[in-house]
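One structure below.
Protein chains in written order, with this note's numbering: chain A, 4 to 121; chain B, 419 to 531.
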C-alpha cells in the first residue's frame, strides 16, 4: 500500500532561483491537492486537480506559482523567482472522488517538501 | 477571514485522562467536519470526521461532537495516551467545492506519562 509520495523532502535554494516539486498520489485517486503550511499555522489550500484538469486556484497562488498534472497521475508544483516568504512546507494530498455515492472521501497527505529560501 | 478557528494553541493532559479539543467555524453551510493529526516532519493523517447531518461520531477512543447552532466542533480523546502527543487540526469542507479542506491553526497536545 503506497501512500502519497513527495520529492524532494527538503529543498534549500537561493532567492531568485526556480524550484520544482513532485507529487505522486495514491494510484487510483483522481483528485490531487496542493497545500502550503508555515510554522504555527494550519495547511492553506493552493490548488486542486480532478484528473488532469486544474479546477481551482487559491488567491495565494501568485503568478510565480504553476502546477500541472499532465496525465492525471503525478503532479508538479513550480515556483519561479523564489522569495524568502515562499519558505514553507508544501503538502500534496489525494483523494478518490466517487460522484454517485454522495460520501465524503477524505484526503490522504504526503510527508511534504520543506522549502527554505535563503 | 478565518473560517475555522482553534483558539487553544496548546493543551497538556495527564495520561489516562480526557483530552478535549475545540474548534469554531463561521459558515453554517459546510458539509463535513474533520480532525487530522500531525507529527513533526510528517503530513497530516486523518483521524475522524462527521457530516453536517449528525451531531456525534465515535471511533474507538476518539469522539467528535458537532453543535451546529453554536458552529462548534470538538474532539474528545479518552483515555489519552503518550502516543497521542501531536498537533491536531480541525478542518471543514464543502462537497460542492471539490471537497477541499479549510484548516484551523492547530492545537498542540502533550500527553504526560
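Glycine included, each C-beta is placed from N, C-alpha and C at the ideal position.
**OP:** Report the rounded CA-to-CA distance for residue 475 of chain B versus residue 451 of chain B, giving the unit in angstroms.
**Re:** Numbered from 1 along the second chain, position 57 holds the residue referred to as residue 475 of chain B. Numbered from 1 along the second chain, position 33 holds the residue referred to as residue 451 of chain B. Between the C-alpha atoms of residue 475 of chain B and residue 451 of chain B there is a straight-line separation of about 11 Å.
**OP:** State yes or no: is the beta carbon of residue 94 of chain A nearer than 7 Å to at least one beta carbon in chain B?
**Re:** Taking the first chain and counting its residues from 1, one reaches residue 94 of chain A at position 91. Output row for residue 94 of chain A: interface = yes.
Original post:
Using the rule of at least 16 other Cβ atoms within 10 Å of the residue's Cβ for burial, across every protein chain shown, is residue 9 of chain A buried or exposed?
Top reply: Translated into positions along the first chain, residue 9 of chain A becomes position 6. Taking every protein chain shown into account, the CB of residue 9 of chain A has 16 or more other CB atoms within 10 angstroms, so this residue is buried.
**OP:** For my contact list, residue 507 of chain B and residue 6 of chain A are in at a C-beta cut-off of 8 Å; report their separation, rounded to the angstrom.
**Re:** Here the question's residue 507 of chain B lines up with position 89 in the second chain. Here the question's residue 6 of chain A lines up with position 3 in the first chain. Contact flag wrong, Cβ pair sits at about 18 Å.
Original post:
Name the chain B residues that come within less than 9 Å of residue 75 of chain A, Cβ to Cβ?
Top reply: Locating residue 75 of chain A in the first chain gives position 72, where the first residue counts as 1. Neighbours of residue 75 of chain A on chain B: none; closest Cβ ~15 Å, over 9 Å.
Original post:
Of all the residues that make up the region 469-499 of chain B, which are near chain A by a beta-carbon distance shorter than 8 Å?
Top reply: The region 469-499 of chain B vs chain A, Cβ under 8 Å: 469.
**OP:** Could you work out which residue in B:433, B:490, B:481 is closest to residue 444 of chain B when comparing CA atoms only?
**Re:** Residue numbering aside, residue 444 of chain B sits at position 26 when the second chain is read from its first letter. Among B:433, B:490, B:481, the Cα nearest to that of residue 444 of chain B is on B:490.
Subject >> Buried versus exposed call for residue 64 of chain A [16 or more other C-beta atoms within 10 Å across all chains shown] >> reply: Taking the first chain and counting its residues from 1, one reaches residue 64 of chain A at position 61. Label assigned to residue 64 of chain A: buried.
Subject >> Within chain A, partners of residue 467 of chain B - CB distance below 8 Å >> reply: As a first step, residue 467 of chain B must be located in the second chain, where it is residue number 49. Near residue 467 of chain B (Cβ distances below 8 Å), the residues of chain A are 107, 109.
**OP:** Using a Cβ cut-off of 7 Å, pull out every chain A residue sitting near residue 458 of chain B, in sequence order please.
**Re:** Here residue 458 of chain B is taken as the residue at index 40 of the second chain, counted from 1. Result: empty, since nearest Cβ-Cβ is about 11 Å, beyond 7 Å.
**OP:** Run down chain B in chain order and give the residues with a C-beta less than 8 Å from the C-beta of residue 34 of chain A.
**Re:** For this step, residue 34 of chain A is matched to residue 31 along the first chain. 516, 517, listed in chain order.
Subject >> Delimiting residues of the beta strand (DSSP E) encompassing residue 485 of chain B >> reply: Here residue 485 of chain B refers to the residue found at position 67 when the second chain is read from its first residue. Looking at the DSSP string, the run of the beta strand (DSSP E) that includes residue 485 of chain B is 480-485.
Original post:
Nearest chain A C-beta to residue 434 of chain B closer than 7 Å, yes or no?
Top reply: Within the second chain, numbered from 1, the residue matching residue 434 of chain B stands at position 16. Under the 7 Å criterion on CB atoms, residue 434 of chain B is classed as non-interfacial with respect to chain A.
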